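Enquirer:
Chains as they are written, first to last, in the numbering used here: chain A, 1 to 347; chain B, 1 to 428.
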């Protein structure tokens with residue numbers, strides 16, 4: 001066998017086959033490196049969990065705010081136009097505070113302007129008539145052992161959670177490459193409390209048939225960075241917005257005209273030293289948080305279960321926070337809480 | 001063959017020492033039956049070594065050192081790939097270096113796979129991961145054809161199977177292209193390499209691939225399709241065993257062995273009336289299910305046509321297993337296309353009789369040619385059949401004891417006949 005095989009080796013074909021192996025690797029690496037060198041940069045906020053890949057070691061599985069889409073975020077009617085698994089879609093983005101991108105809309109064709117991500121439909125998302133989309137940037141590979149570190153730093157559901165923000169390089173066709181990551185300097189936590197101030201978890205269950213009391217929601221903001229950081233705390237809780245999550249059937253939000261154009265006065269900027277936190281209890285039965293649904297003004301605890309909300313810390317724009325003392329340390333990003341229902345269920 | 005030669009060489013030493021043979025005669029016999037080192041054994045060791053080193057490299061890079069820049073990581077993998085493939089080509093220049101060259105290039109293909117995962121790691125690429133196994137397998141297949149190389153071909157077969165397993169288990173994708181990739185990409189290599197090992201691997205991979213595709217596509221046709229494909233493999237093994245123009249006689253067993261085992265395994269399952277009723281109650285639904293059934297049925301029909309034509313003048317006992325397999329294939333095709341309705345026994349009875357006939361043939365033919373393995377296989381089939389029917393057919397203890405008497409008696413008679421024939425041959 002050996003002699004015959006040696007004789008039958010056709011060198012040009014062998015070199016061609018070897019060259020093919022090189023070209024595949026070069027093609028993979030070259031395309032991505034080109035995007036890294038020349039692509040447009042922006043950041044996306046994520047919620048990580050930590051698995052391990054037997055071939056590539058530790059990685060952090062990333063789920064973006066643009067990964068699970070509600071029908072309102074789609075540029076088409078998902079009931080009329082059912083996209084099969086693997087169908088290509090384009091997520092048009094816009095730059096928000098601190099260059100963190102927000103989703104404008106997901107459509108079947110690339111947007112005419114602005115940055116966008118190209119993704120593929122993973123599956124329909126029932127019962128919300130939404131879509132789950134994968135963009136090829138859902139894994140962040142880290143050195144072995146660091147995956148659990150990242151998970152620990154992200155925090156637990158019951159406590160303060162710190163969002164991981166991923167830096168992307170984008171080419172003109174919507175292909176994205178992860179080029180870095182950073183932690184939000186501000187962590188956020190949300191829990192429910194009984195009206196007497198006891199944590200809901202420690203409260204006894206209501207008697208069968210009894211109406212469950214509407215709880216209070218306690219929001220915690222914590223400076224998890226190594227430098228002092230300032231919060232803007234406008235009166236009437238105007239630094240906070242209540243917004244429906246993307247997959248809720250209707251986009252509902254309280255009308256807060258009292259907050260329009262509000263700028264912080266002296267004493268409305270709170271500086272947090274590293275590790276310090278600030279807490280506020282929100283009562284969503286108050287009229288300022290009521291929303292309009294089918295021409296009726298309702299508190300959010302009276303809405304159907306699928307109407308979920310996020311409480312978002314959203315300080316005024318930087319140009320309106322220029323004067324008061326401590327303004328230089330103000331963090332100008334926006335930070336959403338976990339999704340919840342007005343009756344107290346936190347996702 | 002070399003095991004027998006090794007035994008002979010050992011015995012020759014004793015015979016010369018005892019004076020049964022002169023040293024000159026001993027030397028002449030040694031020269032006539034030389035001890036040939038097995039190329040396959042060395043190749044297997046080298047290949048496994050290369051695969052293990054390659055896996056070590058994959059896992060080494062999986063650590064993902066933060067201190068190592070991405071260009072350093074890419075440089076290492078590209079440099080290693082170039083060095084290993086280059087060394088492989090250099091070693092292949094001489095017949096003595098061929099084996100080392102084969103091992104080096106197997107390592108090169110493992111590094112190619114490591115490179116795919118490494119590039120994905122460096123750039124955090126999260127694409128459809130089974131594609132990596134496909135690309136890796138195609139890289140191995142290209143080299144298997146260009147060299148040609150058995151190690152690369154085996155790697156390609158393994159990677160295509162892993163690709164399909166990932167697609168099927170993780171994504172419920174039937175992946176109808178995988179059996180075609182094996183048929184068109186790997187099977188012609190069997191002819192080129194004349195390798196029974198590759199034939200066996202490729203046939204097993206094809207059977208597994210078709211099983212996975214049909215299981216996802218339509219569970220009901222999976223068993224008939226597997227039986228027909230196994231039957232086709234048996235027939236093709238018989239075709240190439242003779243003076244076929246393909247000159248593949250040495251790979252005949254690679255086709256027939258896995259084919260026969262699959263055929264008998266499926267036939268055994270079809271002896272269970274509940275299973276037949278559940279799976280074959282209705283004709284298949286869906287174009288692809290029909291296509292699989294017709295495709296494998298046609299392949300079996302063509303292969304058996306050629307096989308039976310080639311053996312038309314053989315002894316009836318030699319031709320019987322082929323005829324039984326043809327009968328089994330025709331029956332399964334008929335039952336699958338028509339559907340058995342609610343009466344599972346209607347189809348299960350002929351399957352039981354066919355299975356019994358196979359068992360008895362193995363006992364008879366094994367006894368006739370003094371093939372102990374064949375006799376044992378026949379006995380095993382008989383016990384399996386009796387065990388299955390013992391559980392679902394006979395309620396009374398009297399009937400059950402009768403089953404044991406009959407099967408035990410048949411095995412006793414077969415064993416006795418075999419011993420007598422063996423003794424008779426020894427006396428001659």
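Glycine included, every Cβ here is placed at the ideal spot set by N, Cα and C. Note that the coordinates shown come from a computational prediction; the quantities given were computed from them, not determined experimentally.
(1) So the candidates are A:318, A:153, A:342; which of them puts its Cα closest to the Cα of residue 286 of chain A?
(2) Residue 185 of chain A to residue 90 of chain B, Cα distance in whole Å?
(3) According to the neighbour-count rule (16 or more other Cβ atoms, all chains shown, within 10 Å of its Cβ), is residue 332 of chain A buried or exposed?
(4) Thinking C-beta only, is residue 45 of chain A closer than 7 angstroms to residue 100 of chain A?
(5) So, helix, strand or coil for residue 272 of chain B, using DSSP?
(6) Can the beta-carbon of residue 111 of chain B be found closer than 7 angstroms to that of residue 80 of chain B?
(7) What residue from A:305, A:21, A:217 has the CA that sits closest to residue 247 of chain A's CA?
(8) Using 10 angstroms around the beta-carbon of residue 15 of chain A, count the other beta-carbons present and answer buried if the total reaches 16, otherwise exposed.
(9) DSSP beta-bridge partners for residue 296 of chain A?
(10) Since I believe residue 137 of chain B is in contact with residue 163 of chain B (beta carbons under 8 angstroms), could you give me their beta-carbon distance rounded to a whole number of angstroms?
(11) Return the first residue and the last residue of the beta strand (DSSP E) that residue 23 of chain A is part of.
(12) Using a Cβ cut-off of 9 angstroms, pull out every chain A residue sitting near residue 366 of chain B, in sequence order please.
(13) Does DSSP put residue 252 of chain A in a helix, in a strand, or in coil?
(14) Does the segment 288-298 of chain B come close enough to the segment 221-229 of chain B to have 3 or more Cβ pairs within less than 8 angstroms?
(15) Would you check if the distance between the CB atom of residue 124 of chain B and the CB atom of residue 340 of chain A is smaller than 7 angstroms?
(16) Counting only the same chain and skipping the five closest in sequence on each side, list residues whose C-beta sits under 8 angstroms from that of residue 245 of chain A.
(17) Please report whether the beta-carbon of residue 143 of chain B lies at a distance below 7 angstroms from any beta-carbon of chain A.
(18) How big is the Cα-Cα spacing for residue 51 of chain A and residue 254 of chain A?
(19) Quick test of your reading: residue 272 of chain A and residue 235 of chain A, contact by CB under 8 angstroms. State the CB separation rounded to the nearest angstrom.
(20) How do the segment 362-372 of chain B and the segment 418-425 of chain B stand: do at least 3 beta-carbon pairs fall below 8 angstroms, yes or no?
(21) Pick from B:330, B:338, B:321, B:327: whose alpha carbon is nearest that of residue 364 of chain B?
(22) Taking one C-beta from the segment 158-172 of chain B and one from the segment 128-137 of chain B each time, how about it: are there three or more such pairs within less than 8 angstroms?
(23) Report the CB separation of residue 63 of chain B from residue 139 of chain A in whole angstroms; it is logged as a contact under 8 angstroms.
(24) Does the distance from the CB of residue 232 of chain A to the CB of residue 269 of chain A come in under 7 angstroms?
(25) Identify each residue in the segment 120-134 of chain B for which the Cβ-Cβ distance to at least one residue of chain A is less than 9 angstroms, and report them in chain order.
(26) Does the distance from the CB of residue 141 of chain B to the CB of residue 156 of chain B come in under 7 angstroms?
(27) Could you say which of A:337, A:150, A:122, A:283 lies nearest to residue 222 of chain A if we only look at CA atoms?
(28) List, in chain order, every chain B residue whose beta-carbon is nearer than 7 angstroms to that of residue 136 of chain A.
(29) Can you check which of these residues, B:268, B:267, B:241, B:265, is closest to residue 256 of chain B by C-alpha distance?
(30) Could you work out which residue in B:232, B:198, B:213, B:209 is closest to residue 251 of chain B when comparing CA atoms only?
(31) List the endpoints of the continuous beta strand (DSSP E) containing residue 130 of chain A.
(32) Compare the Cα-Cα distances from residue 127 of chain B to each of A:17, A:28, A:238 and report the closest residue.
(33) Between residue 49 of chain B and chain A, is there a C-beta pair that is closer than 7 angstroms?
(34) Counting only the same chain and skipping the five closest in sequence on each side, list residues whose C-beta sits under 6 angstroms from that of residue 362 of chain B.
(35) Would you kindly work out how many angstroms separate the C-alpha atoms of residue 271 of chain B and residue 148 of chain A, rounded to a whole number?
(36) If I'm right that residue 262 of chain A touches residue 316 of chain A with Cβ under 8 angstroms, what's the distance once you round it to whole angstroms?
Expert: The answer reads as follows:
(1) A:342
(2) 57 angstroms
(3) exposed
(4) yes
(5) coil
(6) yes
(7) A:305
(8) exposed
(9) A:293
(10) 6 angstroms
(11) Segment 11-38 is the alpha helix (DSSP H) holding residue 23 of chain A; no beta strand (DSSP E) there.
(12) Those do not exist, as residue 366 of chain B stays about 33 angstroms from chain A at its closest Cβ, beyond 9 angstroms.
(13) coil
(14) yes
(15) no
(16) 70, 308, 309, 310, 339
(17) yes
(18) Reliability of the predicted coordinates at residue 51 of chain A is poor, the pLDDT of 49 falling under 50, and no value is obtained from them.
(19) About 19 angstroms; that fails the 8 angstroms criterion.
(20) yes
(21) B:321
(22) yes
(23) Not a contact, Cβ separation roughly 16 angstroms.
(24) yes
(25) 120, 121, 122, 123, 124, 125, 126, 127, 128, 129, 132
(26) yes
(27) A:337
(28) 125, 126, 127
(29) B:241
(30) B:198
(31) 130-134
(32) A:28
(33) no
(34) 374, 377, 378
(35) 53 angstroms
(36) 7 angstroms
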